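These notes concern the structure reproduced below.
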Amino acid sequence: MEGAMDGAERKQAVLTVAFRYLDTYRELLQEEGERSNSFPKELYMCAVQELTRYPELVEDVLKLQRWTEILHCPSDEEKESRKKQVRPLFRHFRRIDACLQPREAFRGSDEIFCRVYTPDHSYVTIRSRLSCRVGEILALVKEKLQYSEDQPVLPGNLILVAVTSAGEKAVFRPSDEAVFTTLGVNTHLFACEPSELDSLLPLPEEIHWTPGDSKLHDMSAEEVANQLVVFDWELFSCVHEVEFVCYVFHGEQSRWRPLNLELVLQRCSEVQHWVATEILQCQSLPKRIQLLRKFIKIAALCKQQQDLLSFLAVVLGLDNPAVSRLRLTWEGLPGKFRKQFQQFESIADPSRNHKSYRDLITSLRPPLIPFTPLLLKDLTFLHESCKTFHGELVNFEKMHKVAEMVRNIRRYRSSQLAMDTETSPSHLQTKAYVRQLQVIDNQNLLFDMSCKLEPKDT
């Protein structure tokens, strides 16, 4: 009898872990549906067979039955909550009202609008699932082109290519999935025949720039910093904790695409290039010095509000070689700001395994937004330096370390950030500006702009 009780307790412990797993990944499992979701049903069938021997499992078995129903037959209320409008991807906003809406987590089943260009820079707008395969995207493009008046010849065998602002090209395989969120800041999708690949060029607006005064001159550093923090928090809150693991373990045991995490990484890159773009587009030296001061103040305010993502992105943007070489601009900066920026650079310093940054984040209490690229670097190092399996045995020491990192991410979001509710016209204008930054991410072009502002012999 004592042995039977021990057996029941062990089985209840296993079911407790299973319930925690189902609760944590409920939405992701619901999205998978019958595709690869047989685990709860199989576990339920096994548990039912054990009832005659362990009747004390009856409550757990009933709970498991409810879980199989929830995952395979969601309620009408859940179905309604999962209905979303078709929306543009991050950075692809065209309507102000769209970019002002709070961000929601993307899921593979969500439908989006996206432009796909042809070699002559005309484009078709397709409506597609976010997790759509490249082959399906090309079928949608081909169908659109067949009915286009501007297409004199019916398209043949098409390939899908990502073209960066620097002209670099990446050809996708027909089996590739969820390619939309992998695109760089100013990277666009092109559909063409294989023979046309070499003729693909970046869009004209990506390789030409117009100098002039920025809207940023008329905005306060406080308001811009607040909007950066709010938007970063929305993006970070959309990332499911399993996405961090999937991003690093991709290709091994990854079941879900880290769609929302990829958008956070894009945002980090975008903010860095935004800083460089704004400064290098400013032709007036006095105004450029003012912008430099404003960005240092924005970085300070982001740090104060514990948004380390935008804080370090702004610092790294100011450290861009095309900006840091502007000797006359930096010499015009008051000593107080130069000293403050040097302190910020020390936090971004990667020496001693980013000790300054790690000391800072350890001293902060939630809510906070970490510098996501470093989080992923730590996870990647752990994954690549430790084997997942020793023979047929799982390396649980590695799993515990991964779990500890995920718990830290959960802790960062354990408190809610106070969100802004102001709706004045100037406030909304700043909000829209921050959420649809116009940036140049071609480093060669940025350096050319820098040399025109302050030639090398200056």
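In this note's numbering, the protein residues as written are 2 to 459.
Idealized CB from N, CA, C, for every residue including glycine.
Since the structure is predicted, the reported quantities are computational estimates derived from the model, not experimental observations.
Coarse secondary structure for residue i, derived from DSSP in three states
| i | result |
| --- | --- |
| Y124 | strand |
| L438 | coil |
| A314 | helix |
| E178 | strand |
| D24 | helix |
| H391 | strand |
| A167 | coil |
| V186 | coil |
| Y248 | helix |
| Y118 | strand |
| Q254 | With a pLDDT of 47 at Q254, under the threshold of 50, the modelled position of this residue cannot be trusted; read the value that follows with caution. Three-state result, Q254: coil. |
| L52 | coil |
| F107 | coil |
| E235 | helix |
| D421 | coil |
| E455 | coil |
| R444 | Here residue 444 is Gln; the residue named in the question, Arg, does not match the sequence. Q444: helix per DSSP, three-state reduction. |
Proximity test, residue i beta-carbon vs the ligand NAP heavy atom, cut-off 6 Å
| i | result |
| --- | --- |
| T431 | Although the ligand NAP was asked about, the structure shown includes no ligands whatsoever. |
Counterpart residues of residue i in DSSP-defined beta bridges
| i | result |
| --- | --- |
| S129 | I113 |
| D308 | I370 |
| L161 | A192 |
Close Cβ partners of residue i (< 8 Å) along its chain, the five nearest in sequence each way excluded
| i | result |
| --- | --- |
| Q66 | Y45 |
| E144 | none |
| L376 | F245, M406 and I410 |
| R174 | V135 |
C-alpha gap between residue i and residue j, whole angstroms
| i | j | result |
| --- | --- | --- |
| Y1 | E32 | Since the first residue shown for the chain is 2 and the last is 459, residue 1 is missing from the structure and cannot be characterised. |
| E463 | V440 | The chain is shown from 2 up to 459; residue 463 falls before or after that span and cannot be answered. |
| L446 | G185 | 16 Å |
| D177 | R134 | 6 Å |
| K42 | V62 | 11 Å |
| V1 | Y413 | Look at the range of the chain in this structure, 2 to 459, and you will see that residue 1 is not part of it. |
| Q337 | L302 | Per the sequence presented here, residue 337 reads as Lys, with Gln not at that position. Straight-line Cα distance between these residues: approximately 16 Å. |
| Q282 | L319 | 14 Å |
| L329 | P322 | 14 Å |
| Y358 | D421 | 28 Å |
| F114 | I127 | 6 Å |
| P456 | L292 | 20 Å |
| V15 | A48 | 11 Å |
| D24 | D7 | 26 Å |
| M450 | V265 | 28 Å |
| Y148 | S123 | 14 Å |
| D379 | H391 | 22 Å |
| M400 | L383 | 10 Å |
| V1 | Y26 | Residue 1 is absent from the structure shown; the chain starts at 2 and stops at 459. |
| S215 | Q306 | 25 Å |
| R130 | P259 | 15 Å |
Unbroken beta strand (DSSP E) run spanning residue i, endpoints
| i | result |
| --- | --- |
| K170 | K170 to V172 |
| C193 | H189 to C193 |
6 Å CB neighbourhood of residue i in its chain, flanking five on each side removed
| i | result |
| --- | --- |
| W257 | L29 and C247 |
| A171 | A163 |
7 Å Cβ shell around residue i - same chain, five flanking residues per side excluded
| i | result |
| --- | --- |
| F232 | V435 and R436 |
| A19 | L44 |
| H355 | L375 |
| T183 | E263 |
| D308 | L229, V230, D233 and I370 |
| I297 | F338, Q341 and F342 |
| L313 | A349 and F372 |
| P103 | E235 |
| A192 | V117, T119, L139, V142, L159 and L161 |
Residue i - containing alpha helix (DSSP H), residue span
| i | result |
| --- | --- |
| V142 | V135 to Q147 |
| S60 | First, the amino acid is wrong: residue 60 is Glu here, not Ser. E60 -> alpha helix (DSSP H) spans V59 to H73. |
| W331 | R328 to E332 |
| A1 | Outside the modelled stretch of the chain, which goes from 2 to 459, sits residue 1, for which no answer is possible. |
| K340 | G336 to A349 |
| V276 | L260 to Q282 |
| D360 | S352 to T363 |
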